[in-house]
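Since the structure comes first, as structure tokens, the remarks are kept for the end.
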Amino acid sequence: MMHGLWRSCLGALVFAGMTQLGFAQFPVVTYHAHENLGYTLEQFEWHLDFYKDNGYNTIGINDFWAWYKNGTALPPRPMLLTVDDNYIKLYTEMYGAMKERGMRGINFVITSVTEGGSWPSCNWAQLTEMENAGTFEALSHSQTHPYLAELTQTEQRTQLRESRSVLESHIGKSIKFLAYPYGSYSALTISETSLAGYDGAFAYDTSLSGEEASVYRDTPPYELPRMACDWCTNVTDLKAKVGFIAPLPVSVTGKGWTCDDREVAAVYDSTAWTEVISSAQSAIYGKSFRMRSTADGTKPFLWKTLLPLAGRYRVYAKWYPQPKNATNATYIVKEGSTVSAECVVNQRENAGVWNPLGYVYVATPMQNVSVTLADSGNGALCADAVWFEWLGASPDSAVNDWSLF
71 MMHGLWRSCL GALVFAGMTQ LGFAQFPVVT YHAHENLGYT LEQFEWHLDF YKDNGYNTIG
131 INDFWAWYKN GTALPPRPML LTVDDNYIKL YTEMYGAMKE RGMRGINFVI TSVTEGGSWP
191 SCNWAQLTEM ENAGTFEALS HSQTHPYLAE LTQTEQRTQL RESRSVLESH IGKSIKFLAY
251 PYGSYSALTI SETSLAGYDG AFAYDTSLSG EEASVYRDTP PYELPRMACD WCTNVTDLKA
311 KVGFIAPLPV SVTGKGWTCD DREVAAVYDS TAWTEVISSA QSAIYGKSFR MRSTADGTKP
371 FLWKTLLPLA GRYRVYAKWY PQPKNATNAT YIVKEGSTVS AECVVNQREN AGVWNPLGYV
431 YVATPMQNVS VTLADSGNGA LCADAVWFEW LGASPDSAVN DWSLF
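This is the structure in structure tokens:
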């Protein structure tokens, strides 16, 4: 096995200031729809409810890959939810639970057991139904689920290519991603996976969680980590697995989303913005913020996301209190390329609370919205988090006054 080796290389890149790609965590969670592997429907449903209640958005593999390759905007707190081995309860239980909540997942299929085998599995008609519903998309998990690293080159080639070919013939789409069975792979496996026509591949390690098990944009494409959540029986364990940032602020409508400095929405130059880990949890959002000691007009901090609901939003920012902060920091809120609000704030005041910046209206779901902290001011700049509070579907949805939260 080779999983985990890339993290030491990533550390060197971040230390050298060569890239900002390594700071944005993207969680990929893994389940198995079999009671012998920790699964129960009750537990799976409360996991799903935890994700929904805390603003996570499950996305498809193509959206994930667009972010990974190009930095394309995603919904707040995006995640991949994957299920391995194609057990029948994926169809009879998980499918309904996911569909009811409007969530999406990936089914990594062992192609040799789709029409009978040593355990009850989903058949091709069921796989196609879930695929067409947009609830579970089918991807490769090899032909027979072997330890790939222990096979010969010819055997690995057969496992990888036959699985892809069979899936494509039955599902009717190009299969470009694989999950290594047992998380077993080698340098030879990576080479054969690429030659077989896969764009990327996912590993698996039950011991990893949080940041060490998250995908970053500079993670090698054939060593994408996943975290096992089958045995997470309490919320503390689940939070640790997914690298939970912080609870959502209390909204007047009960709906809204945040974008933190550690999440994929944050885009910035890591050579200019320094990460600060803080234990002052009441003063910041999550566990960190970014500081720019001296502005020169060239390196702004950007949060960009796709808001899941159409309607009017009130936008807030939070920063950490320091006497050296700028008294004239500028935030710019945009819907697409259109400026919706511009706000100059004193970052020496009202620190540690949600400060209103203005409003933005999105006509349809999943429109691109951004908040920029301009690289200008008479002191240090602090980038912590922004909050989009949904106020209602209409452009003139009623709002409360502009008191601070």
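Here our numbering is used: the sequence shown runs in plain steps of one and ends on residue 475. Just so it is clear, CB atoms sit at the ideal spot from N, CA and C, and this is done for glycine as well. If you're wondering where the values come from, they're calculated on a predicted model, not measured in any experiment.
{"Query": "Can you pull the DSSP bridge partners for Asn425?", "Result": "Ala387"}
{"Query": "To the nearest angstrom, how far is it from the Cα of Ser212 to the Cα of Ala455?", "Result": "41 angstroms"}
{"Query": "Please classify Gln223 as buried or exposed, where buried requires at least 16 other C-beta atoms within 10 Å of its C-beta.", "Result": "exposed"}
{"Query": "Can Asn177 and Glu185 be called in contact, C-beta distance under 8 angstroms?", "Result": "no"}
{"Query": "Looking at the secondary structure, which residues open and close the alpha helix (DSSP H) in which Gly253 lies?", "Result": "First-last for Gly253: undefined, no H or E at that position."}
{"Query": "Considering only their Cβ atoms, is the gap separating Leu443 from Ala399 smaller than 8 angstroms?", "Result": "yes"}
{"Query": "Rounded to the nearest angstrom, what separates Gly253 and Cys299 at their Cα positions?", "Result": "15 angstroms"}
{"Query": "Keeping to the same chain, check which residues put their C-beta closer than 6 angstroms to that of His215; ignore five residues upstream and five downstream.", "Result": "Ile180 and Pro251"}
{"Query": "Within its chain, find whatever has a CB closer than 7 angstroms to the CB of Tyr126; leave out the 5 residues flanking it on each side and keep chain order.", "Result": "Arg147 and Met149"}
{"Query": "Work out the CA separation of Thr397 and Tyr274 for me, nearest whole Å.", "Result": "47 angstroms"}
{"Query": "So, Pro465 versus Arg384, is the Cβ gap smaller than 8 angstroms?", "Result": "no"}
{"Query": "Since Glu412 is in the beta strand (DSSP E), which residue starts that stretch and which ends it?", "Result": "Thr408 to Val415"}
{"Query": "Quick one: Cα of Leu294 to Cα of Leu107, how far?", "Result": "22 angstroms"}
{"Query": "Out of Glu333, Arg332, Leu221 and Pro317, which has the shortest C-alpha to C-alpha gap to Gly496?", "Result": "There is no way to answer for residue 496, as the model of the chain reaches only from 71 to 475."}
{"Query": "Using DSSP with H/G/I as helix, E/B as strand and the rest coil, what is Met361?", "Result": "strand"}
{"Query": "Which residue's Cα is closest to the Cα of Glu281: Lys122, Gly313 and Ala195?", "Result": "Gly313"}
{"Query": "DSSP has Gln437 in a bridge; who is on the other side?", "Result": "Leu377"}
{"Query": "Could you check if Thr328 is buried or exposed, using at least 16 other CB atoms within 10 Å of its CB as the buried criterion?", "Result": "buried"}
{"Query": "Spell out whether any CB of chain C is found under 8 angstroms from the CB atom of Ser233.", "Result": "No chain C is part of this structure, which consists of one protein chain only."}
{"Query": "Beta carbon of Trp457, beta carbon of Thr323: below 8 angstroms?", "Result": "no"}
{"Query": "When the Cβ atoms of the segment 110-117 are set against those of the segment 358-373, are three or more pairs found closer than 8 angstroms?", "Result": "no"}
{"Query": "Going by C-alpha distance, which of Asp123, Lys122 and Leu151 is nearest Ile129?", "Result": "Leu151"}
{"Query": "Based on Cα-Cα distance, which residue from Arg360, Ala463, Asn438 and Thr228 lies nearest to Leu451?", "Result": "Arg360"}
{"Query": "Given that a residue counts as buried once 16 or more other Cβ atoms are within 10 Å of its Cβ, and exposed if not, what is Val519?", "Result": "Since the first and last residues shown for the chain are 71 and 475, residue 519 lies out of range."}
{"Query": "From Val415 to Trp389, what does the alpha carbon distance come to, in whole angstroms?", "Result": "11 angstroms"}
{"Query": "Would you tell me roughly how many angstroms separate the C-alpha atoms of His73 and Gln437, rounded to the nearest one?", "Result": "Summary for His73: the model assigns pLDDT 37, below 50, so the residue's position carries little reliability, and this model does not support an answer."}
{"Query": "Have a look at Gly270 and Val346 and give me their C-alpha separation to the nearest angstrom.", "Result": "32 angstroms"}
{"Query": "Compute the distance between the beta-carbons of Phe206 and Leu144, then report whether it is under 8 angstroms.", "Result": "no"}
{"Query": "Quick check: what's the CA-CA separation for Gly462 versus Arg296?", "Result": "36 angstroms"}
{"Query": "Excluding the 5 residues flanking Leu379 on each side, which residues of the same chain have their C-beta closer than 7 angstroms to its C-beta?", "Result": "Lys325, Pro435 and Trp460"}
{"Query": "Grouping DSSP H, G and I as helix and E and B as strand, with all else coil, what is Ser349?", "Result": "coil"}
{"Query": "Gly422 and Val340 - do their beta-carbons sit closer together than 8 angstroms?", "Result": "The sequence given here has Ser at residue 340, not Val. No, they are not a contact pair."}
{"Query": "Check whether the Cβ atoms of Tyr255 and Leu197 lie closer than 8 angstroms to each other.", "Result": "no"}
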